[in-house]
Structure formats: C-alpha cells, structure tokens
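Residue numbers (this note's numbering), protein chains in the order written: chain A, 1 to 244; chain B, 1001 to 1288; chain C, 2001 to 2236; chain D, 3001 to 3302. Input: a single structure, listed below in structure tokens.
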C-alpha cells in the first residue's frame, strides 16, 4: 500500500537560510508519528511545507497518491490535511461554536447552517468544551484554546492531522487530558503527526519517531531505538544530558 | 539637447518631490499612519510664504525659518492631543481620522484664502542660469538645493542624533525601543512634528514655483504616495531616490505623452510597483 | 532586591499569571524555568512595564514598580534582554549599543567607557561594530543584546531565553560572561528553557507552572530533585 | 431572521409609499438617500464583511456613470444602459480585485484610492468617447412633469437599493458571508481552514462594485450632465465609509441607518452653513472615529 503522505527530497530555503535540506519521509495510513528536534530544527517549516503555507523550494510532497507540492493552504485543508497551531489562532470575535462550524463548512463536508452547528456541537462535546459553545473564542484560556484547536481539526474531517506543539504551555494535568484526547482521535483511525518538545508525550503516543536537526532528518524509528541513538541524544538532548 | 533640458527640469522637480515625500514617508514608516493632512500642510506652508512675501516682504527663503518651528509645533501638538489616542486602531480608522482633519483644514483655508490660485512672483526675478544648452531659472535651482539640503539634514538627524536613533529604533521595533527607555508616544509626536515641518517647508519653496490653492494639496499627497511606494517606507534616502525618479519620469512622460498625462503616468507607475513589489522598490519590511 | 508578590497579569481577557511570588537576592544569579507557555515571558514583560499587572506588587530596592512605564523601570536599574534578542536589525552594532544607553545622562565619556567595557567583554562585537546587527550570527546577536542591556548600567539584568537556538559552545561562552558580570556585582535573573543549563548557571531557581511559581530552591538542590528530573529533564 | 424580514418589508413599504406625498425637493432628498444607501451597503461587502479598507467606490461610481452615459449616447435605452453599467463595473472590479486584493492594510487602501484618480485622468483624456473635461450630456427621459420625472428616478434608485439589500441579506446568511467573516477575523487562519480567500474576496469586491456602477449610471441620467471631477470625486469613496462606520460595520441594517443619518446631517449643514459644510463633515468624521469607532449600533449593545 502506498503511504498517505510522502515527502521526497524536500528542501526549503529562506533567503540564505536552509530550513529544510532534502528531507525524505512518509507516513502510512493510521500511523501516529512523532516529529522531534531542538528549537529551530525546522519542524514548523516542515508542517508549513506539507500544508502549502511555504511551498517546497525543491522536492515533492505527495498526499493520498496525489502530487500536492504546489497546493494552497485552503486546498490542503479540503484534501483532508488539518493542522493545529503552536500559537493558537481562533477567530476571536466569533463564538466557539462558530469557530468549529467554520472548520466543518469550509474544510469538511458540512453544509452551511444548522447542521454544521449540530456537527460542531458534537466535536465540542468530544473535547469537553460544550458549555463554552456560545462564548467568544477570544475569551478562552490557553488550555481551552488548545482544545478548541483540536475540535476545529476534527471538524475538518481530516485524513491527516498535524499537531504542532499542542501541549506547549499546559500543566501536567492538562497534558494528561490532551494525551487522552489525542489517543481517542487516533482510535478513530485518523493518521497523526505530532510535533513535540516533550519526550514524555511522544514516547507515550507514537509508534514511530522521526528526528530533525538543522533541517535534516537524522533518525527515524521506534521510540526505544530513538532514545538510544547517540546522534539523537547529542543533537536533541544535548551533550550535558548525554553525560548524565 | 532637449533630452538634457528635460532631465534638468525633472531633477529640479524631483528635488522638491523628495522634500515633500520624506516627511510623509517618515510618519507612515514610524507611526504606521497615513497622514492625509500632509498635502494641506504643504499648501499652508505655501500660504505662509505667500503672505509673508506680499504683506511683510519676507523673502520665501527666509520664511522657511519661521515655517519650520511653527509646523513642527503644529504636528507635535496634533499627534500628542489627538492621533496618539488612535495609534493602535485599524488602518481604516486612522486613515479616516486624518482625512477628516484634512477636510477641516481645507475648508478653513477656503474660507480664509478663497479658492483663488496664488503664486509668489519674486521682484526682482533672480534670472536664469545657462549651462550650455540647458537653461534653469535660478529661483527653481535654489529651491531644489534647499529642498534637497533639508532632506539631507533630516537624514543626518535620523542617523546621527540621539533622538533620531530613537525614531529609527521605534520604526524597527517599537517594543524593544520601549525596553531601551524610549518614550514611544513622545517619539511619535516628534516624528509627526518632523513630518509636518518637512511638509510646511516644502510648501514655502513650492509657492515660488507653482500656484497654490486650498485644494492643491491633494495632488502633492498623491505624489508623496507614489514616491513612498517607489522608495520604501520610512527611508529618507528612499524618498530622495523616489522623488528624483518621479520628477524625471513625469517630465519625460509629459514630453512624450503630453503634459496632461503626467499624473496618470505616475499613478500607473504606482500600481505597477505595488503589484510587483508590495513593499516598495527599495523597501525593506517594516514592523507592521 | 527584586520582590514580586501575588502578581496577576494577562493579555486582553486571557489571564496568564495567577499570583506569582518571587524574590531575587542582591548579588546572585536567579533562574526561572518552566515549560513553554508557563508564563515566564509574561512575568518578565510585567516586570519591565510592557504589560500592566492586574493585581499584586513588584518592588525593586524599595521602590514600587507595579504600575511603572518601561522607561521608569529602566531608570530604576532593571534592564530587560527580550526573548528573540529583538535587536534593531538594520542598525549597526554600535548604534544598537548606543540605543541601550538612551536614558543615560552621565555624559558621553562614561558611555564611551562602557562601550569599551562591552567590547572587552565580547571582543567579537568590536570587530562587528560597523556591521548591521541583522547580519550577526545567533550567538553574536545574543552577545549584542546582552551588551545593549548592560549599556544602561543596570543593577539587575533580566534575560529572556538565554540559549534559544544557540549551539552549546556559544551557550557556555555566554554563561562564562554572565558569571564574570555577576562576580563584578551584577544581579541576574535568567529565563531558560534548558533546565540543565539553567541549574548549572544559577544560584537559586524558580520553577513556573501555568502562571504560578510551583517550586523554588537552591539550584544545586533542585538539580537532584527527582520530580524536577522527571518533569523537565525527560524520562530517560 | 424572521424579524429581519418583517423590518425589511416595512421599510420597503414606507419607501414605496413616500413619493405619493412628496414634492420635487423631498423626492430629490429621498433619491439621494437611497443612492447613499446603495453606496454604503455596497462598501459593506468588502469593507465591513471582509475587512478590507477599500477606497474604490468613487471608481465604480464614476465608471458606472460614464458607461451608462456613453451607452446612451450610442442609442442604448436607459434601462439597458444602467444594467450594462453594472456589468462593466462588476467586470472591472473582478479584474482589479485579482490584482489588488493581494495587498493588505494601507497599501490596499491607497491602491484602491489611486484607481479612481487614474480612471478620472483617463476619462478626462479620452475626449472622443467621453467629452473629456467638457463633460457629457444625457438625454432626458420622457415624462409628463418635473414631479413624474423625479418620481421615476426615485423608484429606479429604490429598485437598486432593494437589490443591494437583498444581496446583503443573502450573503450574510450564506457560506460566502460566513467565509468573509472568517477572513475579516483572521485571513491566514481562514485560509488554513479551507476558505478560498482569493475567490471570496474578489466576489465581495465585485458585489461592492456592481450596484455602485448601476447607481452611478442612474445618477448620470438623473442629473443629465456629468463631468469627471463630479462623478470620480473622492468623497464618493469616503462618504460610504463614514456612513458604515456611523451605522456599524459588517451589520445588515447599519449601513442603511448610517446613510439616513448621514444624509440628514449633510442636508442640515448644507442648508444652514453652506460655506463650512466640508469642514463640518470633517469634524463629524473625527468625532466619529474618536468617540464611536464601532458605530451607533454598538451603543445599543453597550
């Protein structure tokens, strides 16, 4: 079976800066993959390339058998690639419900109107925000906004969900809740790519981990192998850590 | 030979354009506010010079010395009293605000000065300077030299003085400037004051060359837009290059297409540049 | 020297700080660690007057700075090196440093002498002094940002995200410089994501969690605390 | 939604009945108010719903006026000429939209402002077609009396205003309107959610041009003489913005309310203080921006 997402030789250049250098990797249908790497390794750039925000300077991106290297972000959304943001971006003056309904209407297949709102309400229930449905999205706390992002992601009816640092800024209890949510989403058969800082999260959720460093893919494999890989330990965890 | 003469005319015109645009560009770049009032301040400067000359016999080159502090104070006051309140508002609101102010000033000028066109006619005239085949009236040449000199002076102030560095710093990063101890609101007021000063001074020089009327400001405002986009926001060298370029383009355009098309040409140039390089030809990205 | 009591602050209608208590002793290096979004940067912004606290107090050397403007905080002796350096990119290194001295009224000679001190502290800045700050490498930019903060002759230097995106060797070099400054009497408050680096550098540490200081103590003791090791150093 | 319908029907009934009781002066005011309503509601598509600070209304108005006038000069009957003017303005808006809507903020505002100036210059110099600075005369419609003529134009303008309102209503309660609101709130986030932002913005821009074009053509027939500085006047770009700001941007009735209030103020000032009327308009704008930036409808919520 061909992979759901496949990147070949993907390079992204910003002026003189090479943010991604010939990255090859793929994700199979139903996988939960973790993408880790130190700050500035190119993780968010990779997500931006996949979703068409910054098209690749070289290389190809294939999604569900289709070449999508040159797609626009809205096309990516309609093809079934949903993403959440490191810095959450709701429509602040719309209600929580409207935010989720928008995702369903424009990326999913919900027709505009009452039915879109009903579907949105279900997703809000799933992430535990049902009682906030009529509130302004701008008035949510950070943890709630992260859950709103997940609800929006789900409403887009994605084949592939890209979670960019969904746990950043959450406390341990909130992280536990978020992990449970992500597991529940994966159980629905959604393929997930998690970009994470916290090793704990990735080790807990992912069947496979890929490591970016200075825009290059330096390792890929099962979690236990990755944490023992000396190159990964040096690049990501730091030599001080390796010495411990 | 005609080419040389047209080029000379264009450069003389361009020097004045640079002076017009420098202040406008500075205000836009630093405050992220388009000052629609800029054109009317130019015209006010023109009236100051006109009445100074006809009523009191003060030569326009000297009324500069009065105009500069007067318009600086006007701009400083306007910014601290009114525009600072709206500085963070959406584009539409700040634009409407300066537009409303402009309507008030225009109306005031119409009442005070009527719609008649006025022009300073120097008596005795300063004559012309002939450089081979190229002939340039001396009053125009002096006006250009003064305009370029003032623009250069503005550049020196911005790059070499403490307050100038603060203005540039605020343009690049408002918050980091605040962390350096810069009082951003005061810098905004100073910047707006400098913008008004440049406009007023440009007006005193223009009144010797072109007839002024209360509604003439719109044309100059249009030129300032075009130059800003050509040269990039908030950059004095950009305004200088953009101004000279526009002056030359307009005089050659007038020659080849007829003078009535000169304005259209500059607008088409503006749209073309905006489409190709939305941050201006020489522009670098501001903080907006 | 710096004392923060029950500080609440946030952006618009989103609260970020929920009663922060923290104290920095004169002559020490304190560090503030915590996960992304715990509120470390928000706390520093509240201290330096970029953000108005909704409740609580900030007191520095006996002066109440809770409602102070950025220039008043700087004038009181606290300089803030912001996250991401925030240099004036199209200005020369030298002009950036001079911007740091913007508020000083003790004369050009004193400023020039301090400029020399900065060049002695970070010699690479002397070589690059005519270059635009935007052309510097990441490590050089951080040096420039620290030096710019020092040019205001502060008594407390606050640094946000010291090591962000920098190579380990550069971080070591910066830490050495900060230790020397501390030995000369400067008090420091450093926000750092890399807990190992932070606990090596500092005398005393504060751990932030969702808008509060959840633990604090002598750095060496925290380093051996199993809970900290588990939460922030990973599970290995 | 039902209440909206009832309110709209009542307003329409009143507007239909009003001319029966009015003299020429009242009809002139009524026609102007309806025209302002069209301008304000049209600007609301791009400026209020999508949040783009457009200053292109004068361009659409002038273009429509000249398209209608030139068509009638070549013998096209006036209804057809008006429809043609709307089409020309719409096509122009579509082409312009693809080019300009990539710009944001001040740059978009200025580019759209400049378009009207450029059009005016072009019309001014295309003397053979437009009469240039001499202006252009339009044939008078056949009507029995001055009153009947005034009534004819009143109803024509009412027709366009009703169409514009219907379009606003439909857009507001559709996927398109929802998408425009998303764009207004956060364009790049809307893009990520699957909103084809370019297409939506262009549609909004076309809607903001088409009805203004028709209104311009009717205006031209109504005053039966046009010249470039009159129909390309920058105030045609600014007044609708003031009206919408006055009434409340992005709302359905706000622009209409704003148009009514604005015209009332304008008439009052115009009649009593003719020499300072632009100054008072300016003062009004300044006060509005400083004290009531969210419009009169925001007062009710507060």
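Glycine included, C-beta positions come from ideal geometry on N, C-alpha and C. Owing to the predicted nature of the structure, the values given are computational and were not obtained by experimental measurement.
Between residue 2070 of chain C and chain B, the shortest Cβ-Cβ separation is below 8 Å.
Interface with chain C (8 Å Cβ-Cβ cutoff): residue 1179 of chain B is included.
Sorting A/63, A/108, A/167, A/215 by C-alpha distance to the C-alpha of residue 78 of chain A places A/108 at the top.
Contact between residue 120 of chain A and residue 138 of chain A does not hold, since the beta-carbon distance rounds to 17 Å and is not under 8 Å.
The DSSP-derived three-state label of residue 13 of chain A is strand. Closer than 8 Å to the CB of residue 142 of chain A there is at least one CB belonging to chain C.
In the displayed model, residue 2214 of chain C falls within a strand according to three-state DSSP. Going by beta carbons, residue 2205 of chain C and residue 2033 of chain C fall inside the 8 Å limit.
Going by DSSP, residue 3218 of chain D is part of the alpha helix (DSSP H) stretching over 3197–3223.
Comparing alpha carbon positions, the residue from C/2171, C/2180, C/2098, C/2137 closest to residue 2148 of chain C is C/2098. The DSSP-derived three-state label of residue 3164 of chain D is helix. Rounded to whole angstroms, the separation of the alpha carbons of residue 3029 of chain D and residue 3123 of chain D is 29 Å. For the pair residue 65 of chain A and residue 199 of chain A, the Cα-to-Cα distance works out to about 32 Å.
Among the residues of chain D, none has a CB under 7 Å from the CB of residue 1058 of chain B; the nearest is roughly 29 Å distant. For the options C/2131, C/2150, C/2173, C/2195, the alpha carbon positioned closest to that of residue 2113 of chain C is the one of C/2150. For the stretch 2142–2215 of chain C, the continuous beta strand (DSSP E) assignments of 3+ residues that do not extend past its boundaries occur at 2156–2160, 2187–2191, 2204–2209, in sequence order. For residue 174 of chain A, the secondary structure class from DSSP, reduced to helix, strand or coil, is helix.
Residue burial is scored here from C-beta neighbours: residue 1038 of chain B has at least 16 other C-beta atoms within 10 angstroms and is therefore classed as buried. Using a Cβ-Cβ distance cut-off of 8 Å, the stretch 3203–3213 of chain D and the stretch 3089–3097 of chain D are in contact, since at least three pairs of beta carbons, one from each stretch, lie closer than that value. Around the C-beta of residue 1276 of chain B, fewer than 16 other C-beta atoms lie within 10 Å, and the residue is accordingly described as exposed.
For residue 2176 of chain C, the closest Cβ of chain B is not nearer than 8 Å. Taking the CA atoms as reference points, residue 3276 of chain D sits about 24 Å from residue 3247 of chain D.
DSSP places residue 3182 of chain D in the helix class (H, G or I) of the three-state scheme. Sequence-distant Cβ neighbours of residue 3267 of chain D in its own chain, meaning closer than 7 Å and more than five residues away, are 3029.
The straight-line gap separating the alpha-carbon atoms of residue 219 of chain A and residue 58 of chain A is approximately 21 Å. Residue 1154 of chain B and residue 1189 of chain B have their C-alpha atoms some 16 Å from each other.
Collapsing the DSSP output to three states places residue 1230 of chain B in a helix.
For residue 1130 of chain B, the uninterrupted beta strand (DSSP E) run begins and ends at 1128–1131, by DSSP.
When the five nearest sequence neighbours on each side are left out, the beta carbons in the same chain lying within less than 7 Å of the beta carbon of residue 2064 of chain C are those of 2057, in order along the chain.
Cβ neighbours of residue 2215 of chain C within its own chain (closer than 6 Å, five residues either side excluded): 2207. Assigned with DSSP and collapsed to three states, residue 186 of chain A falls in helix. Residue 2220 of chain C and residue 2196 of chain C have their alpha carbons spaced roughly 11 Å apart. In this structure, residue 2103 of chain C places its C-beta atom within 8 Å of the C-beta atom of residue 1181 of chain B. Using a Cβ distance threshold of 8 Å, residue 2146 of chain C and residue 2081 of chain C count as a contacting pair. Assigned with DSSP and collapsed to three states, residue 2061 of chain C falls in coil, not helix or strand.
For residue 2048 of chain C, no alpha helix (DSSP H) encloses it, and the DSSP letter there is neither H nor E.
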